[in-house]
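Residue numbers (the working numbering): 741 to 1106. We treat Cβ as the ideally placed atom computed from N, Cα and C, and that holds for glycine.
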C-alpha cells in the first residue's frame, strides 16, 4: 500500500470526530475491509445526515453543512477538504452517502495494487466451509450483531440471526450477550463487555469472550468437537473469467494512473479487453483511430471531464455505451450523467461484481 499511516490516521480521526459531533443518538461504526485491490475504511453514523444539495459542496474548502449550528461554526468543512486532498495524494478517494434524519456513511478507498494475499489467509478464510455446525447470533446492539455474523460467514461458517421460530439442537452454537440460562441445552459463547481477559471455557457448554476481542471467536469455534475441513491443499476460488467477452474492448478514461491500472486489472479478470486514456481529449484521439465497444469514464477530470466527453461522443452521432464513474451515490448525480449522454453510472467504491453487471447490462446497446 502506497500511503502515509499518520495521514490515514488523521483522516479517520477527522471523520470520526465529525460523526461524534453530529450524532446524539444511535451509534457510530468503523469498518475496515479489503475488496479486490482496495483497502476500505467505512464510517457509518446515525446522526442528523446531510442534505442532497449540501453533498455537492461537502468537500469544498470552508463549506459548512449548516450555518445555524454551533458545530458548523467550527469550520469542519475545511477538514473534509483536507481529508479528500490527503487521500487523493495516496491515489485513493472518499465517497459519501447520506440522508437527512437517518445518518451518513463515509467510505475511504485506498489502492493496494500489486499486493497479493498469502495462502495462509485463504486457508483461514475457508476454515469452516464444510463444517456442519450451525451458529446463531443474538446481540442487543444491531450493528455488532451484523458485524459478528458477517465476520464468521467470511470464514465459511453457517451463521444466522437467532429468531423465535428457530428450532435449536444440542449441536447448535449460540453467540450472545443475553443471559445464558435460556441456552442451557446448547453450546454458547457469552460476549461480555466487562470481561477483558482472553476467551476461556467456563462450563461444559459455555465460553466467555471479551467484547473487545471478537477475533477470538474463531479460535473458540475451532476447538468444537466437529468435523473440520482439511486445509492442506485448498484451491483458492477466484473470479470466474468469461472468455466470450475477450473480443469486447472497454476504453477506461481516468486521469489517475493507479485507477487506470486497477480498472484494467478488474476488467481483465472479468474477461474484457481494455484500452486507456488520461482524459476526454485523449479518449477522442484514441477513438478516432481505434474501435471500442464501451466507454468507462471518470466524471471529474482536467481538460475534458466525463460529462463533456459523453456530450461530444453523442454530438458525433456515436451510440457507444458510456458508463460514468462518480464519487456521489445520489439521484441528481445519476441524472446529470444521463443528461450528458451516458447510459448509466456507478458510484465509488465499485466492486468487480457490480462492474461486471453494469457493463453487461449496457454492452448490448448499439
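Just to confirm before moving on: does the CB-CB distance between residue i and residue j stay below 8 Å?
i            : j            : result
residue 770  : residue 762  : no
residue 1096 : residue 1065 : no
residue 990  : residue 1060 : no
residue 930  : residue 916  : yes
residue 1103 : residue 1082 : no
residue 945  : residue 928  : yes
residue 873  : residue 908  : no
residue 899  : residue 910  : no
residue 1098 : residue 1010 : no
residue 777  : residue 1002 : yes
residue 831  : residue 996  : yes
residue 790  : residue 844  : yes
residue 846  : residue 755  : yes
Whole angstroms is fine: what's the gap from residue i's alpha carbon to residue j's?
i            : j            : result
residue 1000 : residue 902  : 44 Å
residue 821  : residue 1090 : 22 Å
residue 819  : residue 786  : 20 Å
residue 913  : residue 876  : 6 Å
residue 1094 : residue 1055 : 29 Å
residue 835  : residue 1067 : 5 Å
residue 939  : residue 1073 : 48 Å
residue 887  : residue 773  : 12 Å
residue 744  : residue 837  : 25 Å
residue 812  : residue 798  : Summary for residue 812: the model assigns pLDDT 40, below 50, so the residue's position carries little reliability, and this model does not support an answer.
residue 951  : residue 959  : 15 Å
residue 992  : residue 766  : 41 Å
residue 751  : residue 906  : 43 Å
residue 932  : residue 918  : 9 Å
residue 850  : residue 840  : 27 Å
residue 758  : residue 892  : 30 Å
residue 1029 : residue 1023 : 11 Å
residue 784  : residue 884  : 13 Å
residue 984  : residue 1012 : 9 Å
residue 748  : residue 852  : 14 Å
residue 1053 : residue 953  : 55 Å
residue 1008 : residue 1014 : 7 Å
residue 779  : residue 1037 : 22 Å
residue 1005 : residue 982  : 14 Å
residue 794  : residue 753  : 22 Å
residue 826  : residue 833  : 9 Å
residue 961  : residue 948  : 12 Å
residue 1039 : residue 889  : 36 Å
residue 1058 : residue 986  : 22 Å
residue 764  : residue 1086 : 32 Å
residue 796  : residue 1031 : 35 Å
residue 1117 : residue 1084 : Here the chain covers residues 741 to 1106 and nothing more, so residue 1117 does not appear.
residue 788  : residue 829  : 30 Å
residue 1027 : residue 1075 : 25 Å
residue 967  : residue 957  : Per-residue confidence for residue 967 stands at a pLDDT of 41, beneath the threshold of 50, marking its modelled position as unreliable; the derived number appears in the next sentence. Using only the alpha carbons, I get a separation of about 17 Å.
residue 1080 : residue 988  : 24 Å
Look up residue i in the DSSP assignment and give the residues it is bridged to.
i            : result
residue 782  : 771 and 847
residue 1091 : Paired residues: none, contrary to the question.
residue 991  : 1015 and 1035
residue 1103 : According to DSSP, residue 1103 bridges with nothing at all.
residue 928  : 914 and 946
residue 898  : 874
residue 1010 : Answer is none; residue 1010 lacks a bridge partner.
residue 941  : 947
residue 838  : 844
Is any beta-carbon of chain C found at less than 8 Å from that of residue i?
i            : result
residue 1062 : Of the protein chains in the structure, only one exists, and it is not chain C.
In chain order, each alpha helix (DSSP H) run of at least 4 residues that lies wholly inside the segment 1037-1100: 1046-1055 and 1071-1080
Inter-stretch contact (C-beta, 8 Å, three-pair minimum) for the segment 1042-1049 and the segment 1018-1025: yes
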